[in-house]
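Residue numbers (the numbering used here): 319 to 434.
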């Protein structure tokens, strides 16, 4: 997850004529940090206390809501990034990383599911 995100942002930023490399990289950072932190918490919690996973995910959702709101505000209002490339990058990574997390959760749950 980290390698693909950093590699893809680096590849896009290195494209000839790319004037939005800063926006692309900064648009990737928050979704990646949120997904990585959540995934670490999910794996640790599920291994030790599977019943605590749902409350953890609800709390993580609330924390990410606040974090992402503050992050986008700082990036656009304080650092004055160009909005379109930043929002496109942020949205693309946000969706892609959440899809990846969902697929990994499905795989995690399938390992522990009782045989039918």
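Every residue gets a Cβ at the ideal spot worked out from N, C-alpha and C, and that includes glycine.
Determine the burial state of residue i: buried for a count of at least 16 other Cβ atoms within 10 Å of its Cβ, exposed for fewer.
i	result
residue 397	exposed
residue 332	exposed
residue 402	exposed
residue 361	exposed
residue 366	exposed
Expressed to the nearest angstrom, what Euclidean distance is found between the alpha-carbon atoms of residue i and residue j?
i	j	result
residue 330	residue 319	17 Å
residue 370	residue 389	28 Å
residue 406	residue 426	30 Å
Verify the contact flag: residue i, CB atom, against every heavy atom of the ligand NAD, threshold strictly below 7 Å.
i	result
residue 327	Inclusion of the ligand NAD in the displayed structure is not the case, the ligand content being empty and no account of it being possible.
| Within the chosen definition, does the segment 345-358 reach the segment 375-395 through at least 3 CB pairs nearer than 8 Å? | yes
| query | Would you say the segment 413-421 touches the segment 349-364, given that touching needs at least three Cβ pairs under 8 Å? | reply | yes
| message | For a minimum of 4 consecutive residues, which ranges assigned as the alpha helix (DSSP H) are wholly contained in the segment 371-397? | response | 371-391
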